[in-house]
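Shown next, in structure tokens, is the structure this report addresses.
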Amino acid sequence: MAATLSTALDVHHLTIPQSDNKRPNFFTKTIKQNPRRKFTIFCKSPSKPPQNPQESPKKNSSLSELLQPLFETTLPKKDQAPVLSKPSKSTWVNPSKPKRSVLSLQRHRRSPYAYNPKVRDLKLFAKKLNECENSEDAFLKVLEEIPQQPTREDALLILNSLKPWQKAHLFFNWIKTKNLFPLDTIFYNVTIKSLRFGRQFELIEELANEMVSNEIPLDNITYSTIITCAKRCNLFDKAVEWSERMYKTGLMPDDITYSAILDVYAKLGKVEEVLSLYERGVASGWKPDPIAFSVLAKMFGEAGDYDGIRAGKPGLARSLFNELLECGLTPNEKTLSCLAKIYGKARWAKDALLLWEEMKSRKWPMDFILYNTLLNMCADLGLVGEAEELFMDMKQSEHCRPDIYSYTAMLNIYGSGGNVSKAMELFEEMSELGIELNVMGSTCLIQGLGKARRIDDLVRVFSVSVEQGVKPDDRLCGCLLSVVSLCESKEDMDKVLTCLQQANPRLVAFVKLIENEESSLATVQEEFKSIIINTKDDARRPFCNCLIDICRNKNLHERAHDLLYLGTLYGLYPGLHNKTVDEWNLDVRSLSVGAAQTALEEWMGTLAKIVKREEALPELFSAQTGTGTHKFSQGLSNAFASHLKELAAPFRQSENKAGYFVATREDLVLWLQSRIASPATA
DNA sequence: ATAGGGTTAG
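Using UniProt numbering, the letters of the first sequence map in sequence onto residues 1 to 682.
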């Protein structure tokens, strides 16, 4: 999707400054930037002073902090041996004490299955329990018909086959009341797992606490199930809490629990902690397996925005993957999905194609999710032919037939690639096959039709979507709004606005409000704020970008400046202006063409005032548009370049840095002064 | 046929 729909990844601050009909000049103020995470892979980040080992673990300290005193001396040094290979022997400074490990290298062993002739009957009984009404009364009534007093093994077998979680829970409680045998760790673990299916974290915590008070030991399986349940319920603080509780009891995580914990920290964006834990694991002899790899790779691969505004470290994922292969491990479908996604988001076409070649030649396993991930990767990279080949493969396959994800990916490819006729063919094909368009497919198709100015088809697709039950969301509205900004005739514009009216009437009212030159800034501000607050984060900046574009297309430049000001005020454009002693920089990478032009003009206006007041200026001025790494993205840098040319501004495109425009103070001041002298050209 | 970790979209 074009820059107008790029993701807003920043924290928005929506505090209201006093409302005044005159907007302040906002480039004179330093816009607060988001701190950007910097880390060096596999090297320690600037470390905190080590804690006193005597100290008891602090409340709320992270797991890696808790581990710090134990492993301070065993950490691999910077740039040491490959990460996945056996670590070189570290010097253990105190041989009188045994070297402690970060994790237990011995995985939990399962008790062997004991053959039981009653199994068939018990299975049948469990089936009966599963089929009865999901109420306490109905369940207990069937339960009274149990053939005989269940032994521990019988009970476990039944417990394992009960669905949904309510029944497993009732059965567990029933066993507890009957007091036939003591309930041990396994009983709790099985029940906890079942509760996890129902995302019943509160009940799980209750059971875990019951274990503690009844002195039933919690083991690695208990902890990993609790932690992953918290994770699935998005209770990340709870996941961390239980990881630390585990540590405090002195129980060492085994490799599975370790991966689960790493994933929690990774999902929380605690990159330093993950790396620290990772290093410590490797130092104590742990070899990440394909699952741990996926967890780590996902974290490294977080690419976010395709102009490196919040770039991840896809290179780290790649080297990890290569080491995984060197260790003789075979990647599976999930590992490969992770990697394919990373290469796509990072726009690493070469690596993506190499990976695909290797997948084919080495006959690595494929499943339909991996196929779909590869299709999305092709969409990210603009690999139309490759996507078509994959899609055909899927159609001819037995177990990987294209589903809604596959069709959506293809709609995305054709919609963003400008081959809207093929997108429409697919749309018809979907109707024939009875695969209903969802909101994402609808957005892709509408985007493509908008680009091709096929407004009547767009209206038809929108209507069909809504009839089929698609609920337009903020991103679809953003897409419609961007089409409004593309429309050349009032007639087309009204058609699209009529669609938008159904989805988001306030947005349409706002377009009318800003088009009216009589509307005061205070009124616009109030309504803008209210709309933005009620818009999902990732659609806020695109909304503002499109609104600015609409104003510019209608020659409402002053209003466009108002909107850019409001967008900046409410945190939609963090880091737009960056100042160092030597260089001031305008970063318009996340702006639409119109918004970028507006920002440039605003900046020049500000600088003119500074020149007039004869205040200090740095040596160098720069503006960056990024390169639009997406094959299909409209060149913001070209549009920006022609705008500079139009203004006759003395910025030159940098030769070694694409999408980077530079002006010296000398040239810029001269030009600004000439503009001050004859403002008519402005 | 007995309890734990990582995969897909606008």
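For each residue, glycine too, the CB sits at the ideal point set by N, CA and C.
- Taking the Cα positions, glutamate 615 is about 11 angstroms away from valine 669.
- Judged by DSSP secondary structure, leucine 586 falls outside any alpha helix (DSSP H) and instead within the beta strand (DSSP E) spanning 583 to 587.
- Take leucine 157, set aside five residues on each side of it, and the residues of its chain with a beta-carbon closer than 8 angstroms to its own are Asn116, Val119, Leu122, Lys123 and Ala126, in chain order.
- Taking 7 angstroms as the cut-off, the Cβ atoms of aspartate 474 and lysine 554 do not count as close.
- Put simply, the region 545 to 561 touches the region 514 to 532. At least three CB pairs are less than 8 angstroms apart.
- DSSP lists Leu586 as the beta-bridge partner residues of histidine 577.
- Taking all protein chains shown into account, aspartate 137 has fewer than 16 neighbouring C-beta atoms within 10 Å of its C-beta and is therefore exposed.
- Taking 7 angstroms as the cut-off, the beta carbon of phenylalanine 201 is found closer than this to the beta carbon of leucine 235.
- Between the alpha carbons of leucine 275 and isoleucine 404 lies a distance of about 37 angstroms.
- Within the same chain, Leu218 come within 8 angstroms of threonine 249 by CB-CB distance, once the 5 residues on both sides are set aside.
- The continuous alpha helix (DSSP H) containing glutamine 673 extends over residues 665 to 677.
- Cβ-Cβ separation between alanine 266 and lysine 298: approximately 7 angstroms, consistent with a contact (criterion under 8 angstroms).
- Going by C-alpha positions, alanine 503 is about 24 angstroms away from glycine 594.
- The region 135 to 155 makes contact with the region 167 to 176; the number of CB pairs closer than 8 angstroms reaches 3 or more.
- Your pair valine 483 and valine 466 does not check out as a contact, with CB atoms roughly 16 angstroms apart and the cut at 8 angstroms.
- For leucine 620, the beta-bridge partners assigned by DSSP are Glu583 and Thr664.
- For arginine 152, the enclosing alpha helix (DSSP H) starts and ends at 152 to 161.
- Around the Cβ of arginine 541, a 10 Å sphere holds 16 or more other Cβ atoms; the residue is buried.
- Leaving aside the five residues that flank isoleucine 550 on each side, the residues in its chain whose CB is nearer than 7 angstroms to its CB run, in chain order, Val484, Ser485 and Val511.
- In this structure, valine 190 sits near leucine 159, with a CB-CB distance shorter than 7 angstroms.
- In this structure, Leu296 is the residue among Gly285, Asn412, Leu296 and Trp286 with its C-alpha nearest to the C-alpha of glutamate 273.
- By the Cβ criterion, the region 318 to 336 is in contact with the region 361 to 376, since at least three pairs of Cβ atoms, one from each stretch, lie closer than 8 angstroms.
- Spatial neighbours of leucine 672 in its own chain (CB-CB distance under 8 angstroms, excluding positions within 5 residues in sequence) are listed in chain order as Met604, Leu607, Ala608 and Val611.
- Under DSSP, glutamine 653 shares a beta bridge with Phe661.
- Here glutamate 244 is buried, its C-beta having at least 16 other C-beta atoms within 10 Å.
- With a cutoff of 7 angstroms on beta-carbon distance, lysine 163 and valine 142 are scored as not near each other.
- Taking a C-beta distance under 7 angstroms as the contact criterion, leucine 370 and serine 337 qualify as a contact pair.
- Tyrosine 188 carries a helical assignment under DSSP once its states are collapsed to helix, strand and coil.
- Cβ neighbours of threonine 373 within its own chain (closer than 6 angstroms, five residues either side excluded): Ser337, Ala340 and Lys341.
- When only Cα atoms are considered, alanine 648 and asparagine 638 end up about 15 angstroms apart.
- Counting only runs that start and end inside the UniProt repeat "PPR" (438 to 472), the alpha helix (DSSP H) elements of at least 4 residues fall at 439 to 451 and 455 to 467.
- Arginine 280 carries a helical assignment under DSSP once its states are collapsed to helix, strand and coil.
- At a Cβ-Cβ threshold of 7 angstroms, leucine 381 and valine 420 do not count as neighbours.
- Using a Cβ distance threshold of 7 angstroms, glutamate 666 and proline 618 do not count as a contacting pair.
- The C-beta of valine 282 has 16 or more other C-beta atoms within 10 Å across all chains shown, which makes the residue buried.
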